[in-house]
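Participant:
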Amino acid sequence: MEGFDTPGIFFSDTFGDDDNLSSSLLNTRSIKKSFKDFLKTYNEENFNYKYRDTLKRNCNLGQYWMEINVEDLAGFDENLADKLYKQPVEYLPAFEEAATELAQELLASDNLEGIEHIQILLSTNSLASSLRSIKSESVSRLVKIPGIIVSASSIRAKATQITLQCRSCRNVVPHLPVKPGMDGYILPRKCTTEQAGRPQCPLDPYFIIPDKCKCVDSQILKLQELSDSTPQGEMPRHVQLYCDRYLCERVVPGNRVMVVGVYSIKKVKTSKKQKLTENSRTVVGVRAPYLRVLGFQMDDQVGGFTTSIPTSVEDEELFRKLSSSPDIYDRIAKSIAPSIFGFSDIKKAIACLLFGGSRKRLPDGLTRRGDINLLLLGDPGTAKSQLLKFVQQVSPIGVYTSGKGSSAAGLTASVTRDPTSHNFVVEGGAMVLADSGVVCIDEFDKMREGDRVAIHEAMEQQTISIAKAGITTTLNSRCSVMAAANSVFGRWDDSKGEDNIDFMPTILSRFDMIFIIKDEHNQNRDMILAKHIMNVHLMNGQAKQEVEGELPLATIKKFLNYCRQRCGPRLSEDAGEKLKSRYVIMRTGCHELESEKKLAIPITVRQLEAIIRIAESLAKMQLQPFATDSHVDEALRLFQVSTLSAATSGCLSGVEGFSTEEDTETLQRIEKQLKRRFPIGSQVSEFSIIQDFLRQKYPQRAIDKVIYLMIRRGEIQHIMQLCFKKNSHILKMSMNSMNCSVELFASYDTIYPADTVEWCPIPEYNNILVCGTYKLNEADKSKTGTINLFSLDNQNKIKLIQSIPENAVLDLKWNPFIVSGQILLAAALSGNHISIYRLDEKDDDLSLSLFTSFDVPKTNGESHMSLSIAWSSLYENGSQSIAFSDSCGYVTLVNLNDQLIRSFKAHNFESWIVTYNYCEPNILYTGGDDCKFKCYDQRLQFDKPIFENKEHEQGVTTCSSNKIRKNIIVTGSYDEIIRLWDIRNMKHSYNNVKVDGGVWRLKWEPNKEEYLLSASMFNAAHIIDTTLDVLNICQSFGEKSNRLYYGADWCYRNNTLLEHDTKSKNKKIISTCSFYDHRLDLFFVNMKL
């Protein structure tokens, strides 16, 4: 191993290895012949030539690989298998050459080049070694390690043969082999060509000719040891995996695998700072381990190896006997956390969660989850955390986390940059690592609301979608969620109702069962509980286990694993009919209660599916193929004592979906009266308002809830004022009730998904608009789109004038100025460039033609995709600058003379938005996927931002300055919040409003710029009033189902198109475009000022 003892050697003086290979050449040939004989002649008892037939079949399918079982090789030649085990680096190439030659013979090919090099994958039935037990004596040997994939890089090219050329004499050295693995090739320092009369070539003359190199795909993974192998209190260990060729993209983060590979070492890379230190010499001879993968065995291929619990014939007989026992359900429930007293129904619910229902894949490709989610709410000190810990221990795959210490990325997945390769890698969070298991979340109430929202998709669809840093993928999170939370007030207060919890109805509805646990004072119960606790402490909790019928923890774990793998029950026809009848009866009863204005519990399809999952889990405990009537009865009972009981007892009263119609009417009356009595801009004491409504016999809780909701919507502002030397709470009324109405009058199908729409600002062409589209072609992952030019006639009918095929369109912007008689449109495109189009008019016919284009500069070989574009408001002497942002975090400035002004790194991930300050054109604002909002001054050369802010919790996607109120700017983000800023104090935004949907576009109304138009992705579009420097949603419009609103814009004049409509003085026109249903919609907005 050259350079092992001296840190300064990075080059070699000669080609090839210095070892004398002549003695081993004959040995290698004989080994290759033995390998070839094995592949050709090995057969099973039925004379099936296993590997020969497999090799021929794979080659015919264009799959140039085959998997070899090491035990089969040992049965053929034990000495050969031993050599492969001890020296795989030396003998595996000979094995692959033998397979390639055999494939050429089997396919009767005339030349070997007709067949690609065959890759040999290995599998073995030997016992696996834990990651901690692998030591230095295993280097360069075959090992087998179980673990879980926690991160995966993108695919990179790895050279297998390179060609060198001397810069001085142009001598070419072809076909130099490169060792597989993570090591590279060491370039020779001297040229070996000697020519008479020519001077000697200088040192380090060689460079690589890329076009003449042979490469294969490679991928770097990170493997984490299983929780069963991690000692308590220690961090789980990791090791890098190197995969190449057909092993790439076989696994994703969250997969539990058994890895067969060569335990290898690589040089430890040191940074420049480390090299300058005195202690840098101490790392000489130190190598970092990694695993060169030769084969994967997935969890479902090896029968549940991740549990580390083998199942014997005796175990199977025991499990079948247990499943046929009539009291198996009660025995399992008693065995759930036996040291915890009581909670029989909760323990039965936990048993159902552990066994789970049956996952179903529908004919249309959609899936229905079979995992059960459970929420425990209640007082502290009621053993909620202990129940969670027990579930994490007994589950074959269990992950425990605390809500306070968990972020959205930590629960789902994140995209990080690898410190060595500097590539982006996907790292799975807790719900990905708990795939096919249970994730236990304690202190669920302490989580931030944004983090709870992030797990919505993971809890219902059981997938986690990622679209960051150019990586678009979906990870599996097929796990049950068991969460525990306390009351907002510490202890549960029945008089507070829904105030005890601070959860959105969207997260509550995803739990199949919700239990309220109260620490009630009862003398008899307290005595029994104290006696039980004394027994646990004095006798270690082992007394009377067998008498009470409890099962040992190891038996439960084995039985649970066995049932989950072997049984997938479905509802029987009789049980399905019974459940259908009960569902109709329950729905009818709810309707009758609603008509009487009594508390009606919402029974929807989601609750019906929860009952089905519970019934299937009960059948799974008994290893029955179908869930029967008795299982449905017990499932209904569990649902009754959990969610229905919590709701009917009033513990969830007031929570959205658990309120009576009378409660809803009371809230509406309070809100209407509050809006009617106090004018806009007035300030009034909160105490006076509450006392006034209390005198009218309104309940205190309803009054507080209305005020809270109106503050949250931005309709009133809660401020503190010093009055008579005491702090008094003041409510500033900022709502403008029903100040506008929206009416759809035209729609158009854009064929491709639509993502941007812009009206022309030039006065004579205010009836012209453009719409851009974006389509991802699944076959080759290419991106295409169109730029569609429309006009609106005097009858308010929309007409398509022109459709221009382009790369995918990400943004469109009209130039607000006429440049040399030209009306220009800028387009940000996916194909590494932006295009400028000119609006031409000939014989009253309008069309767009290409004016000029700019290529997006590449940095470090990275391909950039432009995301947004902005025109400067400064136009002097025929010169005007354009700014555009891209997918690698860069912002580039050019001018219309095709001159590059500057390109700089603004953000770590995507730069979603760039825009100029309209009143100060030297000021530039940017927002990125790193959650940062930044401001730059062109006069300072962009060395660093004037300010940067990270108040948004997710990526900043849009920003707009106000032309009239010069100090006002507004930003929007994926965090569903619109923030209002004063540029004189950018430490914090001074007002915000939540729109319950990621904000993609914000546009000021062009005349007075007092109203904002927001495209809020999944939550349609909004018109927002900012007249009092307070954000107030005055109208929401558009469909929210199966649509993704990306584009929105105002027409630049009032509705003067309708000349006969004399009542439309305040009527304006707006447009929106949506992605999934590829629609362009036009609306009338009646502004009631």
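Residue 712 in this note's numbering sits at position 550 of the sequence shown, with consecutive numbering throughout. Just so it is clear, CB atoms sit at the ideal spot from N, CA and C, and this is done for glycine as well.
Between the Cα of Y934 and the Cα atoms of Y347, K546, N585, L1242, which residue gives the shortest distance?
Facilitator: Rather than Tyr, the amino acid found at residue 934 in this sequence is Gly. Answer by Cα proximity: L1242.
Participant: Give the DSSP bridge partners of V794, in chain order.
Facilitator: Its beta-bridge partners do not exist; DSSP assigns none.
Participant: Assign R214 to one of three DSSP states: helix, strand, or coil.
Facilitator: It is helical.
Participant: Quick one, are the C-beta atoms of D681 and G504 less than 9 Å apart?
Facilitator: No; because the gap between Cβ atoms is not below 9 Å, this pair is not in contact.
Participant: Could you round the C-beta distance between I996 and I1031 to whole angstroms and report it? I think they count as a contact, below 8 Å.
Facilitator: Between I1031 and I996 the Cβ distance is about 6 Å, and since that is below 8 Å, they are a contact.
Participant: Quick one: what does DSSP say R726 is sitting in, helix, strand or coil?
Facilitator: Of the three classes helix, strand and coil, the one that applies to R726 here is helix, per DSSP.
Participant: Please work out which residues of its chain come closer than 6 Å, Cβ to Cβ, to L1008, disregarding the five sequence neighbours upstream and downstream, and give them in chain order.
Facilitator: Same-chain partners within the cutoff: I963.
Participant: Which word fits V1157, buried or exposed, when buried means at least 16 other C-beta atoms lie within 10 angstroms of its C-beta?
Facilitator: With 16 or more other Cβ atoms within 10 Å, it is buried.
Participant: In this structure, how does DSSP classify C514 when only helix, strand and coil are distinguished?
Facilitator: Residue state, collapsed to three classes: helix.
Participant: Quick check: the stretch 381-397 against the stretch 563-574, are there 3 or more CB pairs under 8 Å?
Facilitator: Short answer: they don't touch.
Participant: Within the same chain, show all residues whose beta-carbon is closer than 7 Å to that of R399, passing over the 5 residues directly before and after it, in chain order.
Facilitator: The residues are L293, R294, E387.
Participant: Along the chain, where does the alpha helix (DSSP H) containing D244 start, and where does it finish?
Facilitator: Start and end: 240-248.
Participant: Pick out the complete beta strand (DSSP E) segments inside the stretch 925-963, 3 residues or longer, and give them in chain order.
Facilitator: Runs of the beta strand (DSSP E) inside the stretch 925-963: 930-935, 945-954.
Participant: Consider the C-beta atom of P393 and the heavy atoms of the ligand MN; say whether any pair is separated by less than 8 Å.
Facilitator: As for the ligand MN, it is missing from this structure, which has no ligand bound.
Participant: So, A261 versus M228, is the Cβ gap smaller than 9 Å?
Facilitator: Yes, Cβ-Cβ distance for A261 and M228 is below 9 Å.
Participant: Just to confirm, are S1041 and P1083 a CB contact at a threshold of 9 Å?
Facilitator: No.
Participant: Any idea what DSSP makes of E263, helix, strand or coil?
Facilitator: Helix.
Participant: Assuming P116 and K719 make a contact with CB atoms under 8 Å, what is their CB distance in whole Å?
Facilitator: Residue 116 lies beyond the stretch modelled for the chain, which goes from 163 to 1251, so this question has no answer here.
Participant: Let me make sure I understand the geometry here. Which of S1015, L1010, K1004 has the alpha-carbon closest to that of N1273?
Facilitator: Lying before the first or after the last residue shown, residue 1273 is absent from the chain, which here runs from 163 to 1251.
Participant: I need the DSSP call for S909, collapsed to helix, strand or coil.
Facilitator: Residue state, collapsed to three classes: strand.
Participant: Got a sec? Which residues, its chain only, sit under 8 Å from I865 by beta carbon, not counting five neighbours each side?
Facilitator: Correct list, in chain order: I832, I851, I852, F855, L856.
Participant: Per DSSP, what kind of secondary structure is P255 in: helix, strand or coil?
Facilitator: In the structure shown, P255 sits in a helix (DSSP, three-state: H, G or I).
Participant: Whose C-beta lies closer than 7 Å to the C-beta of Q459 among residues of the same chain, with five residues either side of it excluded?
Facilitator: Closer than 7 Å at Cβ, skipping near neighbours: S285, V419, M420.
Participant: How far does the beta strand (DSSP E) with D806 in it extend, from its first residue to its last?
Facilitator: Reading the sequence as shown, one finds Leu at residue 806 and not Asp. Note, L806: premise wrong, no beta strand (DSSP E); not H, not E.
Participant: Under the three-state reduction of DSSP, which class applies to N1129: helix, strand or coil?
Facilitator: Coil.
Participant: According to DSSP, is V335 helix, strand or coil?
Facilitator: Strand.
Participant: For H694, does the three-state DSSP call read helix, strand or coil?
Facilitator: Residue state, collapsed to three classes: helix.
Participant: Excluding five sequence neighbours on each side, which residues of the same chain lie with their C-beta closer than 8 Å to the C-beta of T325?
Facilitator: Excluding positions up to five away in sequence, the list reads V334, V335, P336, H337, L338, I370, I371, K374, C375.
Participant: Grab me the residues of I1139's own chain with a C-beta within less than 6 Å of its C-beta, minus the 5 sequence neighbours each way, in chain order.
Facilitator: These residues qualify, in order along the chain: N1154, K1156.
Participant: If we ignore side chains and look at the alpha-carbon of each, how far apart do D345 and P451 end up?
Facilitator: About 12 Å.
Participant: Can you tell me which of the three DSSP states I1232 falls into?
Facilitator: DSSP places I1232 in strand when its eight states are reduced to three.
Participant: With a 10 Å radius around its C-beta and 16 neighbouring C-beta atoms as the bar for buried, classify Y1238 as buried or exposed.
Facilitator: When all chains shown are included, Y1238 counts as exposed.
Participant: Check whether the stretch 1086-1102 touches the stretch 1113-1125, taking contact to mean three or more Cβ pairs, one atom from each stretch, closer than 8 Å.
Facilitator: A contact exists between the stretch 1086-1102 and the stretch 1113-1125.
Participant: Residues in its own chain within less than 8 Å of N1057 by CB, not counting five upstream and five downstream?
Facilitator: So the list reads S1041, Q1042, S1043, I1044, I1063, once near-sequence residues are dropped.
Participant: Taking C-alpha atoms, which residue in S1236, F257, L722, I980 lies nearest to Q784?
Facilitator: For the residues S1236, F257, L722, I980, the minimum Cα distance to Q784 belongs to L722.
Participant: Can you check DSSP and say which residues form a bridge with E712?
Facilitator: The partner list for E712 (beta bridge, DSSP) is empty, contrary to what the question assumes.
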